[in-house]
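Undergrad:
Number of protein chains: 2
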Amino acid sequence: MNQKIDQFDKKILQLLQEDARMSHAEIGRKVHLSQPAVSERIKRLESNRVIRGYRAEINPKALGYDITAMIRVSTQQGRPYADYVANCPEIIDCYTVTGEDGAVMRVLATDVDHLQRIINELNAFGSTSTAIVLTTHVSGKSIAVPNVD
Amino acid sequence: MNQKIDQFDKKILQLLQEDARMSHAEIGRKVHLSQPAVSERIKRLESNRVIRGYRAEINPKALGYDITAMIRVSTQQGRPYADYVANCPEIIDCYTVTGEDGAVMRVLATDVDHLQRIINELNAFGSTSTAIVLTTHVSGKSIAVPNVD
DNA sequence: GTTGAAATAAAAAACAA
DNA sequence: TTGTTTTTTATTTCAAC
Numbered sequence: 001m002n003q004k005i006d007q008f009d010k011k012i013l014q015l016l017q018e019d020a021r022m023s024h025a026e027i028g029r030k031v032h033l034s035q036p037a038v039s040e041r042i043k044r045l046e047s048n049r050v051i052r053g054y055r056a057e058i059n060p061k062a063l064g065y066d067i068t069a070m071i072r073v074s075t076q077q078g079r080p081y082a083d084y085v086a087n088c089p090e091i092i093d094c095y096t097v098t099g100e101d102g103a104v105m106r107v108l109a110t111d112v113d114h115l116q117r118i119i120n121e122l123n124a125f126g127s128t129s130t131a132i133v134l135t136t137h138v139s140g141k142s143i144a145v146p147n148v149d
Numbered sequence: 001m002n003q004k005i006d007q008f009d010k011k012i013l014q015l016l017q018e019d020a021r022m023s024h025a026e027i028g029r030k031v032h033l034s035q036p037a038v039s040e041r042i043k044r045l046e047s048n049r050v051i052r053g054y055r056a057e058i059n060p061k062a063l064g065y066d067i068t069a070m071i072r073v074s075t076q077q078g079r080p081y082a083d084y085v086a087n088c089p090e091i092i093d094c095y096t097v098t099g100e101d102g103a104v105m106r107v108l109a110t111d112v113d114h115l116q117r118i119i120n121e122l123n124a125f126g127s128t129s130t131a132i133v134l135t136t137h138v139s140g141k142s143i144a145v146p147n148v149d
């Protein structure tokens, strides 16, 4: 099940993180491998769950989401929130973390009224602390593969 | 530059967020549109920057990153961190937010020593507060397109 | 928006190191 | 096992409508 990631895999993963729709032939040209060899390696990386999937990255503003917020929820002895989070379309990321804040979430809202409604819902799970995102410096940066030299 | 997103675009964006490598012909079958019509719409969504790009989603654990942490940095009157953040491979997400925490970051580390080194570096920009991620409930959930009915 | 032809890419097969 | 080239199938691009 586990595999060792060699320099070819490392480069392939870098390229697919930058452009998931790059053709296997073009990847092959860049890494100096034939198209079937690249396809074979990608298939193995997929079945080993090194590659989890391929996602189009959408601009939230273009869809009317003018506000991104980070909401921390102190969830100690609160009711379970996993199902709620999974089904709430505004919650894009949600992590259970150590410390007094049980959960950290990234949410999208169309306007402040919308954000208020989301916060009201989340208050059912614990006290919340909301910070509005002013600048997104990086979001979903490519993961660097540790050196295998 | 701006465009109205109709029900076809909405479905196309949903499908590409789930699987960015789905063929345009298959998308066409699902939305009941010809393949060139789908390609045309996708090209428009790309050039209007509704679609920002296509990314392979990589499993950090598979690459040796056993720890994910949320680090908050109180950066008031601190030195600028945008360049550092852009070039630090362990910082995957970084947001400047309102409130006393100037910045919220998601970082990957191979082990606690590695995490400690990252925190030490970040302390140059302000006092830090670190919470280790115990569970990732959702990360990069598909953005729902608001109704256009 | 559609169909249909040409170019390109992916998958399958046969085989070499 | 991991790679190569060749062949077949699928997809994308580019007309013309």
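The listed protein sequences derive, respectively, from chains A and B.
Per UniProt numbering, the first sequence starts with residue 1, numbered consecutively.
Per UniProt numbering, the second sequence starts with residue 1, numbered consecutively.
Ideal placement from N, C-alpha and C gives every residue a C-beta, glycine not left out.
Taking A:E57 as part of the beta strand (DSSP E), name the residues at either end of that continuous run.
TA: Along the first sequence, one-based indexing puts residue 57 of chain A at 57. Bounds of the beta strand (DSSP E) holding A:E57 are I51 to I58.
Undergrad: Just tell me which of A:E121, A:R52, A:E90 and A:V97 has its CA closest to the CA of A:L108.
TA: Here the question's residue 108 of chain A lines up with position 108 in the first sequence. The shortest C-alpha separation from A:L108 is found at A:E90.
Undergrad: Who are the Cβ neighbours of B:T136 in its own chain at under 8 Å, not counting the five residues just before and after it?
TA: The residue given as residue 136 of chain B occupies position 136 in the second sequence. Result list for B:T136: T68, in chain order.
Undergrad: Cutting at 7 Å between CB atoms, please list the residues of its own chain near B:T96, excluding the five before and the five after it.
TA: Here the question's residue 96 of chain B lines up with position 96 in the second sequence. Answer for B:T96: G102 and A103, listed in chain order.
Undergrad: In angstroms with no decimal places, state the Cα-to-Cα distance between B:N59 and A:A131.
TA: Position 59 of the second sequence, counted from the first residue, corresponds to residue 59 of chain B. Position 131 of the first sequence, counted from the first residue, corresponds to residue 131 of chain A. Answer to the nearest angstrom: the Cα atoms are 28 Å apart.
Undergrad: Mapping the DSSP letters down to three states, classify A:H137 as helix, strand or coil.
TA: Here residue 137 of chain A is taken as the residue at index 137 of the first sequence, counted from 1. In the structure shown, A:H137 sits in a strand (DSSP, three-state: E or B).
Undergrad: Suppose you measure from the CA of B:K30 to the CA of A:Q116; what does that come to, to the nearest Å?
TA: For the purposes of this step, residue 30 of chain B is identified with residue 30 of the second sequence, where counting begins at 1. For the purposes of this step, residue 116 of chain A is identified with residue 116 of the first sequence, where counting begins at 1. Distance between the alpha carbons of B:K30 and A:Q116: 36 Å.
Undergrad: List, in order along the chain, the chain B residues whose C-beta lies closer than 8 Å to that of A:R117?
TA: Position 117 of the first sequence, counted from the first residue, corresponds to residue 117 of chain A. When 8 Å is used as the limit between beta carbons, A:R117 is near no residue of chain B, the shortest such separation being about 14 Å.
Undergrad: Residues of the segment 108-136 of chain B in Cβ contact with chain A at a cutoff of 9 Å, in chain order, please.
TA: L108, T110, S129, T130, A131, I132, V133, L134, T135 and T136
Undergrad: Find the residues of chain B that neighbour A:Q77, judging by a C-beta separation of less than 9 Å, and give them in chain order.
TA: As a position in the first sequence, residue 77 of chain A is number 77, starting the count at 1. Going along chain B, no residue has its Cβ under 9 Å from A:Q77, so there is no contact; the nearest lies around 16 Å.
Undergrad: Under DSSP, the beta strand (DSSP E) around A:V97 begins and ends at which residues?
TA: Stepping through the first sequence from its first residue, residue 97 of chain A is reached at position 97. Per DSSP, A:V97 belongs to the beta strand (DSSP E) from I91 to V97.
Undergrad: Going along the chain, which residues of its own chain have a beta-carbon closer than 7 Å to the beta-carbon of B:V133, five neighbours each way excluded?
TA: The sequence position of residue 133 of chain B within the second sequence is 133, counting from 1. Excluding residues within five positions, the ones whose Cβ falls inside 7 Å are T68, A69 and M70.
Undergrad: Between the beta-carbon of residue 163 of chain B and the beta-carbon of A:R41, is there less than 7 Å?
TA: Any answer about residue 163 of chain B is impossible in this case: the structure gives chain B only from 1 up to 149.
Undergrad: Under 7 Å Cβ-Cβ, which residues of chain B neighbour A:V97?
TA: Taking the first sequence and counting its residues from 1, the one referred to as residue 97 of chain A is at position 97. Within chain B, the residues near A:V97 are M70, A131, I132, V133 and L134.
Undergrad: Could you run through the segment 40-58 of chain B and flag, in chain order, every residue whose CB is less than 8 Å away from some CB of chain A?
TA: Listed in chain order, the positions of the segment 40-58 of chain B with a beta carbon within less than 8 Å of a beta carbon of chain A are N48, R49, V50, I51, R52, G53, Y54, R55, A56, E57 and I58.
Undergrad: Let's test the definition: count the other Cβ atoms within 10 Å of the Cβ of A:V7 and tell me whether it reaches 16, buried, or not, exposed.
TA: Residue mapping note: residue 7 of chain A aligns to position 7 of the first sequence, counting from 1. Inspection of the sequence shows that residue 7 of chain A is occupied by Gln rather than by Val. Classification for A:Q7: exposed.
Undergrad: Return the first residue and the last residue of the beta strand (DSSP E) that B:S142 is part of.
TA: As a working note, residue 142 of chain B is residue 142 in the second sequence. Where B:S142 is concerned, there is no enclosing beta strand (DSSP E), given that its DSSP letter is neither H nor E.
Undergrad: Can you check whether the CB of A:R55 is closer than 7 Å to the CB of B:Q77?
TA: Walking along the second sequence from the start, residue 77 of chain B turns up at place 77. Walking along the first sequence from the start, residue 55 of chain A turns up at place 55. No; because the gap between Cβ atoms is not below 7 Å, this pair is not in contact.
Undergrad: Excluding the 5 residues flanking B:L45 on each side, which residues of the same chain have their C-beta closer than 6 Å to its C-beta?
TA: Taking the first residue of the second sequence as 1, we reach residue 45 of chain B at position 45. Its chain contains I51 as the residues whose beta carbon lies nearer than 6 Å to that of B:L45, once the 5 sequence neighbours on both sides are disregarded; these appear in chain order.
Undergrad: According to the neighbour-count rule (16 or more other Cβ atoms, all chains shown, within 10 Å of its Cβ), is B:R49 buried or exposed?
TA: As a working note, residue 49 of chain B is residue 49 in the second sequence. Its Cβ having fewer than 16 others within 10 Å, B:R49 is exposed.
Undergrad: If distances are taken between C-alpha atoms only, which option among A:Q35, A:A82 and A:V138 comes closest to B:A82?
TA: The residue you call residue 82 of chain B lines up with position 82 of the second sequence. The shortest Cα separation from B:A82 among A:Q35, A:A82 and A:V138 belongs to A:V138.
Undergrad: DSSP three-state call for A:L122: helix, strand or coil?
TA: For the purposes of this step, residue 122 of chain A is taken as the residue at position 122 of the first sequence. Here A:L122 sits in helix by DSSP.
Undergrad: Just to confirm, are B:M22 and B:L13 a CB contact at a threshold of 7 Å?
TA: Taking the first residue of the second sequence as 1, we reach residue 22 of chain B at position 22. Taking the first residue of the second sequence as 1, we reach residue 13 of chain B at position 13. It is not a contact, given that the beta carbons lie outside the stated cut-off.
Undergrad: Give the interface partners of B:V85 over in chain A, defined as CB-CB distance under 8 Å, in chain order.
TA: On the second sequence, position 85 is the one that residue 85 of chain B refers to. Contact annotation for B:V85 against chain A: H137 and V138 [CB-CB distance below 8 Å, chain order].
Undergrad: Using the Cα positions of A:N120 and A:T98, report the straight-line distance between them to the nearest angstrom.
TA: As a working mapping, residue 120 of chain A is identified with position 120 in the first sequence. As a working mapping, residue 98 of chain A is identified with position 98 in the first sequence. Between A:N120 and A:T98, the C-alpha separation is close to 23 Å.
Undergrad: Can you find a CB in chain A that lies within less than 7 Å of the CB of B:Q35?
TA: Taking the second sequence and counting its residues from 1, the one referred to as residue 35 of chain B is at position 35. Answer no: the Cβ-Cβ gap between B:Q35 and chain A never drops below 7 Å.
Undergrad: By the 10 Å Cβ neighbour count, where 16 or more other Cβ atoms means buried, how is B:H32 classified, buried or exposed?
TA: As a first step, residue 32 of chain B is located in the second sequence; it is residue number 32 there, counting from the start. Per the 10 Å Cβ criterion, exposed.
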